[in-house]
Each structure stands twice: as C-alpha cells, then as structure tokens.
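>
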Amino acid sequence: MPSKRKAISPASKPESSSASRKSKRLATKPDPVVAAPADSDFEESEPVLSTKKKSTRRTAEKEVVDSQSKRQAVENSGPFVAEKAEPDPDPEVEDCALESDFVEEVDETEHGTLKKSLAVSPSKRKPKRSEKVKDEECVLSGEPVPDAEARQRWPHRYNKGKANGTKSLNGQDDADQQLQAKCHFTQASVDGQIYYLEDDAHVKAADGEEDYICKIVEFFEAVDGMQYFTAQWFYRAKDTVIKSHDQFIDKKRVFLSEIKDDNPIDCLVIKLKIVPVPSNATLQFKENAKSNCDFYYDMMYLLPYSSFLSLPPDSTSPVSSSSTISSDTDAGEVKEHNLEKKLLDLYSGCGAMSTGLCLGANSNGVKLVTKWAVDLNRFACDSLRLNHPGTQVRNEYASDFLSLLKEWVQLCSSFSLVKSNVPPHPHLKVTDEVEEDENDDESEDSGDDKKGEIFEVEEILEVCYGDPNAVKKPGLYFKVRWQGYGPEEDTWEPIDGLSECPKKIREFVTKGFKANLLPLPGDVDVICGGPPCQGISGFNRFRNKENPLGDPKNQQLDVFMDIVDFLKPRFVLMENVVDLIKFSNGFLGRYALGRLV
C-alpha cells in the first residue's frame, strides 16, 4: 500500500484545485524529508522568515529539457522516460508544519500501520508574506494596458476556454506558462523601486545561490488576483554546459536565452543594466559598453541543444553597419560572398577534412580555399603538397607552428608591414643603416686574408620554429642559401646569427607577407582539425580521469585552442571521438566549448 502523509495540526478544509495550482507556482521544489525513529523527540526552533519568494526558473528549465527529450524520443521511435516528479507541496500542510514543526508519515503495510515522525528543517520554511506588506511594497502600478492592446500583444493570456494549467509534453502540469490574465501593466513597484517592461533585474534564487538575471517582458494580474512578471532568463557561463570551465569567460558576460516563465513580482531584487555587444562591434565600442554596465551579452544560449548563437541581426544592425540604404548593404554582402575564404587545416593528414569542406562550400557558392596545412607526418605532408600545390604545407609540431606565428607577427611589425602593438623582434637591428650593407662589401673582402673565408648570405629560403639542427636549442631559424654554394649546402641558421643581415631578412619577410606565407591574426576565415585522441579514447585503459589535461596525450587540444585564440577565425570545426563529451563527465568537451565561446 502506498504511504500516506498527514499533518499534526487542527483540521482544515480541503484545498481547491485553484489553490493547488497557486501553491505550485509559488513554491520551489520540496525539500527532502529525513526519517527518524518513531520515538524521537524534536525540539522546536525559530523559523527563518524570507521576505523574497524564490524564482521558478529551475522548473522552467526542466520542462524545456524534458520536452526536447520527448520530441527526440518520438522522432527516433523510442520510449521516453521522464524523471519521477516530486509531489507539489500542500500549502495548508506547510502552514500546519510551521505551527507544529513536525509531521507524521503513516505507512500502511500487511502487518499493520507504522508511524514515523518526520522533521521539517526550519531554515527551509517559506511562510507567506502578509497582504499588508505585499500591498505596500510589491504592486503593479500605473494604468492597465487597454484590453484590446493587451489581447493583441499577449493573446495566450486571454484564452477563456482554457484552464490555468495544461498538460505539457512530459505529462506534468504546465501552469507556469499558461496563466490566464485579468489585465496587463507596463510597470511595477517593488520595494520602492519602479520596474518597466524590458528592464533587466536580479531575481531571488534559492538559498546559497547567486541571484538569477532576467529581462522583464511582461507584467500581468492573473485571474486569481496574483500579480506576476514574465522573465526571459540570462545565463552565466557556469550555468551553461560550460559549467566549471567558466574561468575563460569574463565575469560580466552573460548569455541571453529563450527560456521564459512567470514569477510573483516580489521575486524581483534590484534593477540591472545589461547591454548587447554585437560580435562585429569595434573594440572601442566593446570596451566602453563593458565599463558602463552591470553585465553584457554578445551571444544567445539555447538550453535544449546546449548551443551558443550570435545575436540576431536586429540586435547588431545599429553597430554593424553605418549605412541604412538597402542597396548598399546588399552590394556589400554580395561582394563579401564572392571573396575567397581562407582555411587553415591543423593535424591535416592528407587533407581529407579540408578537401571535403572546400568541395561542400564551393558547391554552395562559397569560394573556400585551403591556404595552410600543418601535420607532423612527413609522408602525409608530401601527399597533400602533391594534391594541393597552392597550399602552404608545414611539416612540424602544432605547438612549434603557434610559436612561429607569434614570431612572424613580430617580424612583420619590425618592418612596418602591419599595424600592431607588438614590439619589434629583439634580435633585429632595424635602423637607417640597413641599406649600408652593399657599401660594406669592399671592406669585408679586404679582410679575407686575415680572417679567413667570409660566408655571404645570398638568399633566405624558409623560416621555422623548433630545432632543425637537432642541437637542443629550439628557436626561430631561417634556411639560408650561401653566396657561391649550391642547394646541397643550404643550412638552418638561428636569427641571432643573422643579426648583421637585416636587409636579407626584410626581403624574405616582405615577400612572405605578400604571398601569405603564414597567417596573421584575422587572416583566417576557417580553422578545422582533429587533435589527437589517444588520451581520450575508450581504448586507452590508462586515461587520466582526475585531470584529463594533465595527460601529455591531451595537450594538443590545448594547443589547438591556443591557435584558434591567436588567429581569431570566423569559423572553427573541431573533430574528435565521442568520448570527448563522455570521458570524465565531458571535461574536455566543456573545456573546448569554454575556450571557443
């Protein structure tokens, strides 16, 4: 027989269905009740009174996720098993529990009836606020919205044929999203502060949690006389799928969601200033916006899909374009569409991923070209060069490639090829005396008999970062063709050994800059790649579950993200095994997403 629970309190009349729905809207998830021996004595303690009701955001999130899960199950012709919902708290039982400080649970069994006394935590009680306090501090204010306008803007609130509660896809009462309204308002007064529609605010969360963040999109009085606001929720990074990897995200940065639900107006805590920052805004605009707000957002978070999206076009139009002429905008879009898009393929192998991406993009009218590729396997690089002659293929470690990119920016900055805040390369002596090299030829030749043969640099052929001479001295090296010697005598020389040849280095860097020998930040449109998965794969029986990034086999994931962060491409495609989001509770997948966002 199922257990029955009753309160030790004076008899009261059964609650109506309307009161039941009201209780569900106002109460959060019931606290777990801890069983104790039947003869235990309980001491009454003073209840902690809360002046703010708690938000129902967690309930709204669960309904959205469960609805999405059921839709996916139906599409896959499979069963959907919803989590067992905990019973809604009985408001009358709660009131009685405050007076008696305990309830009795009656278990009916085949051998009789067993009673157990159950403690109620005084710190979790949420007594109702008095009507006097509620009227003075938390009321909808101003004139109601005209009935015709309200019905046009919020038609779902005026469906007379529908009850307050309807069944959602997960089989639970979906009362929060179907409350029927008596009238709507455009403002509310809470604790002496006026809130308007589209204002941003903190909303009271559960004890021990940070207050929630929302945008107010609706004020209304329900048919039962209760006063509500509809919140469209913002999420902090730690509240998204990123979870504990929010250290990469600015603490002021939040993500706008599509999740909305209704809450009593006295859940509001304080007004906030949250500004949208389009992804294509200027750096100056972003810095000014961040310094003059409580929070800012530049992306949306889709909870059912754990996805992040850029802001809609209407949010970015005031900043992204200074022209309001449609023909000018369309012409710019067409011009950009016809431009060549550059792709960097990391851990490229023979180039299968980049080749497929380029073929797919070209078939849809986007001219995507693989300009650079990096892989450690020499034979794979040879194959890629043969099949893609126009691609700059580099046979080196990805970490060395990243170091080379940083050195390349310094070299280009040293010769004023790019505008950058990066200082000139420390091993280059770039002065007005660079052109004097030719005038020194005669003086150098005159000293041959005393100092022996002097080697003259004819041309610099290549550049790399690493240890090409295997002397355990990694650094920046140039491949040099010597005057009077053939290709078989070419050598790799460190940059500090060529400090007296700034003219030759300038010629090489200028030529490489014009030929896009190496990408600079902002040059790459697409980065694709699949970091090695040996430390992630389920076939590895010695995976480091406690600290996945501490495994050297997983360091390439960090390198991949560092390259993305340095080059700042428009699009990134990272491929890996499914254990990326399964191993160690998705640690590496969450880490990657935190770095990308």
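The sequence shown begins at 1 in full-length UniProt numbering and counts up one residue at a time. Note that beta-carbon positions come from the ideal geometry of N, C-alpha and C, so glycine has one too.
1. In terms of alpha-carbon separation, which member of A352, H156, D298 and I505 lies closest to F234?
2. Could you check what DSSP says for M561 in three-state terms: helix, strand or coil?
3. I'd like to know whether the C-beta atoms of E456 and W482 end up nearer to each other than 8 Å.
4. Find out if the Cβ-Cβ distance for the pair Y296, K243 is shorter than 8 Å.
5. Use the C-beta contact count for I194: other C-beta atoms within 10 angstroms, 16 or more gives buried, fewer gives exposed.
6. Tell me whether P426 sits in a helix, a strand or coil according to DSSP, three-state version.
7. Alpha carbon to alpha carbon, how far is A237 from A206? Give it in angstroms, no decimals.
8. Given a cut-off of 8 Å on the beta-carbon distance, is the pair Y301 and T230 in contact?
9. Under 8 Å by Cβ, that's how I've got V217 and K273 pegged, so tell me the actual separation to the nearest angstrom.
10. With a cut-off of 8 Å, do at least 3 Cβ pairs link the stretch 380-392 to the stretch 359-366?
11. Do V572 and I527 count as a contact pair if the criterion is CB distance below 8 Å?
12. Measuring only the C-alpha atoms, how far is T56 from L179?
13. Using a threshold of 8 Å, state whether the C-beta atoms of L596 and V564 are closer than that.
14. Report buried or exposed for K215, applying the criterion of at least 16 other Cβ atoms within 10 angstroms of its Cβ.
15. Which value, in whole angstroms, describes the spacing of the CA atoms of L588 and K553?
16. Using only alpha-carbon positions, find the residue among I505, L311, E258 and E340 that is nearest to Y305.
17. Using C-beta distances below 6 Å, list every residue in its chain close to I270, excluding the 5 sequence neighbours before and after it, in chain order.
18. For P426 and F508, I'd like the C-alpha separation in whole angstroms.
19. According to the Cβ coordinates, are I505 and L476 closer than 8 Å?
20. Would you report the Cα separation of Q392 and N516, rounded to the nearest angstrom?
21. Between V366 and chain C, is there a C-beta pair that is closer than 8 Å?
22. Let me know the secondary structure DSSP gives C358 once reduced to three states.
23. Taking only three categories from DSSP, how would you classify D250?
24. Determine the burial state of residue 656: buried for a count of at least 16 other Cβ atoms within 10 Å of its Cβ, exposed for fewer.
25. Can the beta-carbon of N585 be found closer than 8 Å to that of P531?
26. F478: which of E221, D490 and A470 sits nearest, CA to CA?
27. Can the beta-carbon of residue 639 be found less than 8 Å from the beta-carbon of L346?
28. May I ask you to report which of helix, strand or coil DSSP gives R541?
29. Please report the distance separating the alpha-carbon of L311 from that of N421.
30. Identify the continuous beta strand (DSSP E) that holds Q193 and give its terminal residues.
31. Could you tell me the alpha carbon to alpha carbon distance between S189 and H156, rounded to whole angstroms?
32. At which residues does the alpha helix (DSSP H) containing D382 begin and terminate?
33. Would you mind sorting V578 into buried or exposed? The rule is 16 or more other CB atoms within 10 Å of its CB.
34. Which residue from I536, V409, Q410 and W372 puts its Cα closest to that of A398?
35. Looking only at DSSP bridge pairs, what is M299 linked to?
36. Using three-state DSSP, classify V93 as helix, strand or coil.
Judging by the given coordinates:
1. D298
2. helix
3. yes
4. Their beta carbons are not under 8 Å apart, which means Y296 does not touch K243 by this criterion.
5. exposed
6. coil
7. 18 Å
8. No. Outside cutoff.
9. Actually they do not touch by this definition, with Cβ atoms about 17 Å apart.
10. no
11. Yes, the pair counts as a contact, with Cβ atoms nearer than the cut-off.
12. Looking at the backbone, the Cα of T56 and that of L179 are separated by about 14 Å.
13. yes
14. buried
15. 12 Å
16. Here the closest residue by C-alpha is E258.
17. H202
18. 18 Å
19. For I505 and L476, no; Cβs fall outside 8 Å.
20. If you take the alpha carbons of Q392 and N516, they lie about 9 Å apart.
21. Considering every chain present, this structure includes no chain C. It has just one protein chain.
22. helix
23. coil
24. This structure does not reach residue 656, given that the chain is present from 1 up to 597, and the question cannot be answered.
25. Taking 8 Å as the Cβ cut-off, N585 and P531 do not qualify as a contacting pair.
26. D490
27. Only positions 1 to 597 of the chain appear in this structure, which leaves residue 639 out of reach.
28. coil
29. Per the coordinates, the alpha-carbon of L311 lies some 30 Å from the alpha-carbon of N421.
30. That run of the beta strand (DSSP E) goes Q193 to Y196.
31. Taking the straight line joining both Cα atoms gives about 25 Å.
32. Where D382 is concerned, the enclosing alpha helix (DSSP H) stretches over R378 to N387.
33. exposed
34. W372
35. DSSP, once it has assigned bridges, lists S310 as partnering M299.
36. With a pLDDT of 43 at V93, under the threshold of 50, the modelled position of this residue cannot be trusted; read the value that follows with caution. It is helical.
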